[in-house]
Structures are given as structure tokens and as C-alpha cells.
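Those letters in the sequence shown? Residues 1 to 39, by the working numbering. Backbone N, C-alpha and C define an ideal beta-carbon position, used for all residues, glycine too. Note that the structure is predicted; figures quoted are calculated from it, not measured.
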Amino acid sequence: MGVFKAAAVQMRSGTSPERNAADMEILVRQAAGQGATYV
């Protein structure tokens, strides 16, 4: 059985889907940068 690092991200979505997706991408990349392999 392998070991992995999981992360959860929480954000407050606005009315712009494009902005929401961009903000989520930033959060996921930050989690991955800190070693998360499952977000």
C-alpha cells in the first residue's frame, strides 16, 4: 500500500465561472507545490 499526501481546498466562489476556475487553479497548484498528490 502506497502513501500519499492529500489536501482539501476551500474557496468562496463569485459570479464569474472564469475567475472561479482561475482561483481554484491557484489553490490546487499551491497544494501540489506543498507536496499534495491528491487534492
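Secondary structure of Ala36 (DSSP, three-state): coil. Apart from the 5 residues on each side of it in sequence, Met11 sits with its Cβ closer than 7 Å to the Cβ of Asp23, Met24 and Leu27 in its chain, given in chain order. In this structure, the CA atom of Ala36 is about 17 Å from the CA atom of Met1. Residues Ala36 and Tyr38 of the same chain have their beta carbon placed closer than 7 Å to that of Ala6, with the five preceding and five following residues left out of the count.
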